[in-house]
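Here is the structure we will look at, set down as structure tokens.
Number of protein chains: 2
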Amino acid sequence: MSKIFVFGHQNPDTDAIGAAISFAYLQKELGKDTEAVALGRPNEETQYALDYFEVEAPRIIESVKPETDKVMLVDHNEFQQSASDIAEVSILAVVDHHRIANFETADPLYYRAEPVGCTSTIVLKLYKENNIVVPKPIAGMMLSAIVSDTLLFKSPTCTQEDIDAAKELADIAEVDLEGYGLDLLKAGTNLASRTTFELLDMDAKSFPMGSKNVRIGQVNTVDIDEVMTRQTELETTMQAENAAKGYDLFLFVVTNILTSDSELLAIGSDLDKVEKAFGITLVNNRAALPGVVSRKKQVVPPLTEAFAE
Amino acid sequence: MSKIFVFGHQNPDTDAIGAAISFAYLQKELGKDTEAVALGRPNEETQYALDYFEVEAPRIIESVKPETDKVMLVDHNEFQQSASDIAEVSILAVVDHHRIANFETADPLYYRAEPVGCTSTIVLKLYKENNIVVPKPIAGMMLSAIVSDTLLFKSPTCTQEDIDAAKELADIAEVDLEGYGLDLLKAGTNLASRTTFELLDMDAKSFPMGSKNVRIGQVNTVDIDEVMTRQTELETTMQAENAAKGYDLFLFVVTNILTSDSELLAIGSDLDKVEKAFGITLVNNRAALPGVVSRKKQVVPPLTEAFAE
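Each protein sequence line maps, in turn, to chains A and B. Note that the UniProt record's numbering numbers the first sequence so that position 262 is 262, with each residue one more than the last. Note that the UniProt record's numbering numbers the second sequence so that position 172 is 172, with each residue one more than the last.
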């Protein structure tokens, strides 16, 4: 039997890497010849966790077929977020917490999805169901994934199951949950070395709203003012991106992970709809969004509604 | 909160009905306002189980939206096998043992698939994980579903988990597994009242193989000779179907559920490929297929290979 690759999505975050490592280990304990791999380099937050728990970063691959034809996916299922040749290999298992779309198999498979805040929360459940002990470094990576995906439980995507899992994993990993969690999140907020374009693009997604094309970028920080010292440069780049890529509106959400608030910078058309969506008044193209941390749950839905009217 | 419909695939078999009833009950115990419904009338085998365990047949629906916008699916996921307006409602959960294809959601959901012989085997696991007691009539329906899907454990799709689940459910349902199982399967083999076209069409599926279009029908029986007394009539109808629907080849598999053997009747082109696929010689358009019971695992794969050469 050939080796089975286990991996998360492209542009991997801490859950994509952490769930791959932990699910690959679980499957190995259950007798499968698995290897955790990744579809990209760990980001700074993930690298902090890997270093802290002395775990080796998974080997980076782009395609699967040169080495194997069997895979297990974590933290994603949509083919456009996966390996380039995902449609040509056999998917044995998926563990995920996203919607299902653009996904298809030829054969029956193991598929475990639950609407929780983090894939690693589900992976912990699988360890228990199979009576497999979670080793300390793996508990550390799973804990890091939950802290990352839930912004230390402050995201509205977080469930009680995520909180309970994180507490249990912090005990195994022998770390102080709050202290380690904040250190981890801060490690991902080192934005000073990034170019303005990188800040805008690193996590940006495009959303069709009504007849308009809206681009929404987001960064996490512990100091919103530090990011906003670049406001003029950010606006120039956002204007250039709108012109070059055909975006009608570019929104940049700068989220303070310590206070769970965000600052919005908006450049483009339909600014009245932006104001209406959030009940704000833009001053100097900016406005505070108190309590907003989740693009998926708190930014896209009210905007979509405002553009539909 | 509006009611949640729980249902299996169109042309429901015993697992589609049994898993809908058992999963709807489980979810109700967990606090959800569910109703088991069905996308068609129970077949004779399923009706036997419903009568035996004094369970009411689920109400039949065709579309969902007139009554609710929330559903849970069992024993299927592909939209073309589901309710007519499935793409327009919210799918909260899926429990299934098939491949995933033509399936998509807008939001994260609960999805539980495992490559076992029967959906009800997975549902039993969910009762245990949630510490919910299986009532006797529901155990009877789940047991019937496993017997049906695995042909009383003789199908190559059957796993040890299916066998263990069936034994446990037979204890709860207070029936003799072998005795009740055979009675159930026999109840589904009452073919005398069916027209020849119904026999050929009741479970038939089309498969593209190489450049050819192959139609494969299958019936279960306890007396192959009884079905084959209609050979001339069957051949005439198969020829007419080939001409009318553009099938290159029509295969009819008559499976003896007592001996786990089948008899093949083949009408159309490429009969040499059929002979090669199964290592047989057709005499009077017929051949025995000893040990063959599963179209999915034992008929389609060797044929696909023979047509690919």
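Yeah, the Cβ is synthetic: ideal placement off N, Cα and C, and Gly gets one too.
Outcome for B:PRO58 when other beta-carbon atoms lying within 10 angstroms are tallied against a minimum of 16 = For the purposes of this step, residue 58 of chain B is taken as the residue at position 58 of the second sequence. The residue is buried, with at least 16 neighbouring Cβ atoms inside 10 Å.
Same chain, Cβ closer than 6 Å to A:ASP261, five either side skipped, listed in chain order = In the first sequence, counting from the first residue as 1, residue 261 of chain A sits at position 261. Excluding sequence neighbours, A:ASP261 sits near PRO290.
ask   = Can you round the beta-carbon distance between B:ALA19 and B:VAL123 to whole angstroms, since I take them to be within the 8 Å contact cut?
value = Working through the second sequence from its first residue, we reach residue 19 of chain B at position 19. Working through the second sequence from its first residue, we reach residue 123 of chain B at position 123. Going by Cβ atoms, the distance from B:ALA19 to B:VAL123 rounds to 6 Å, so yes, they are a contact pair.
message = Closer than 7 Å between beta carbons: that is the criterion. Which residues of the stretch 95-117 of chain A meet it against chain B?
response = HIS97, HIS98, ARG99, ILE100, ALA101, PHE103, GLU104, THR105, ALA106, ASP107, PRO108, LEU109, TYR110, TYR111, ARG112, ALA113, GLU114 and PRO115
task = Within 10 angstroms of the Cβ of B:ASP225, are there 16 or more other Cβ atoms? Answer buried if so, exposed if not.
result = Stepping through the second sequence from its first residue, residue 225 of chain B is reached at position 225. So B:ASP225 counts as exposed.
query = Going by alpha carbons, who is nearest to B:LEU282 out of B:ILE267, B:HIS98, B:VAL64 and B:ILE257?
reply = Start at 1 with the first residue of the second sequence, and residue 282 of chain B comes out as number 282. For B:LEU282, the nearest C-alpha among the options comes from B:ILE267.
ask   = Nearest-angstrom Cα distance between B:ALA170 and B:GLY140?
value = By one-based count along the second sequence, residue 170 of chain B stands at place 170. By one-based count along the second sequence, residue 140 of chain B stands at place 140. If I take the Cα positions, the gap works out to 7 Å.
ask   = Per DSSP, what kind of secondary structure is A:GLY18 in: helix, strand or coil?
value = Position 18 of the first sequence, counted from the start, is the residue given in the question as residue 18 of chain A. A:GLY18 falls in the helix class under three-state DSSP.
query = Who are A:ASP96's beta bridge partners in DSSP?
reply = The residue given as residue 96 of chain A occupies position 96 in the first sequence. A:ALA113.
inquiry  = Using 7 Å as the threshold, is the C-beta distance between B:ASP15 and B:ASP75 below it?
reply    = Start at 1 with the first residue of the second sequence, and residue 15 of chain B comes out as number 15. Start at 1 with the first residue of the second sequence, and residue 75 of chain B comes out as number 75. Closer than 7 Å, so yes.
message = List, from N- to C-terminal side, the alpha helix (DSSP H) runs of 4 residues or more that fit wholly inside the stretch 222-256 of chain A.
response = 224-228 and 231-245
task = Give every residue of the same chain whose Cβ lies closer than 7 Å to the Cβ of A:HIS9, excluding the five residues on either side of it in the sequence, and list them in chain order.
result = If you number the first sequence from 1, residue 9 of chain A lands on position 9. Counting only Cβ-Cβ distances below 7 Å, and skipping sequence neighbours, we find ALA16, LEU39, ASP75, HIS76, GLN81 and SER82.
query = Tell me which same chain residues have a C-beta within less than 6 Å of the C-beta of A:ALA36, skipping the five on either side of it?
reply = Reading the first sequence from its first residue, position 36 is the one you call residue 36 of chain A. Here the set comprises VAL6, ALA20, ILE21, ALA24 and PRO58.
request  = Let me know the secondary structure DSSP gives A:GLU78 once reduced to three states.
outcome  = What you label residue 78 of chain A is simply residue 78 of the first sequence in a count that begins at 1. Three-state result, A:GLU78: coil.
inquiry  = I need the straight-line Cα distance from A:GLY246 to A:ASN213, nearest angstrom please.
reply    = As a first step, residue 246 of chain A is located in the first sequence; it is residue number 246 there, counting from the start. As a first step, residue 213 of chain A is located in the first sequence; it is residue number 213 there, counting from the start. Between A:GLY246 and A:ASN213, the C-alpha separation is close to 7 Å.
task = Can you tell me the Cβ-Cβ gap for B:GLU241 and B:ASN285, rounded? I've got them flagged as a contact below 8 Å.
result = On the second sequence, residue 241 of chain B is found 241 positions in, with the first residue counted as 1. On the second sequence, residue 285 of chain B is found 285 positions in, with the first residue counted as 1. With a Cβ gap of about 15 Å, B:GLU241 and B:ASN285 do not count as contacting.
task = Identify whether A:LYS186 lies in helix, strand or coil by the three-state DSSP scheme.
result = Within the first sequence, the letter at position 186 stands for residue 186 of chain A. In the structure shown, A:LYS186 sits in a helix (DSSP, three-state: H, G or I).
ask   = Where does A:THR34 sit, in a helix, a strand or coil, going by DSSP?
value = One-based indexing of the first sequence puts residue 34 of chain A at position 34. A:THR34: strand per DSSP, three-state reduction.
request  = At 3 residues or longer, and completely inside the stretch 39-87 of chain B: list those beta strand (DSSP E) runs for me, N to C.
outcome  = 70-74
message = Here's the rule: buried if 16 or more other CB atoms are within 10 angstroms of the residue's CB, otherwise exposed. What is B:THR259?
response = Position 259 of the second sequence, counting from 1, holds the residue named residue 259 of chain B. Classification for B:THR259: exposed.
request  = Starting from the Cα of B:VAL253, find the closest Cα among B:ASP201, B:LYS273 and B:VAL116 and give me that residue.
outcome  = Residue mapping note: residue 253 of chain B aligns to position 253 of the second sequence, counting from 1. That would be B:ASP201, whose Cα lies nearest to the Cα of B:VAL253.
request  = Below 6 Å CB to CB, which residues in the same chain sit around B:LYS167 once its five sequence neighbours on both sides are set aside?
outcome  = As a working note, residue 167 of chain B is residue 167 in the second sequence. If we look at B:LYS167 and ignore the five residues flanking it on each side, it has no Cβ neighbours.
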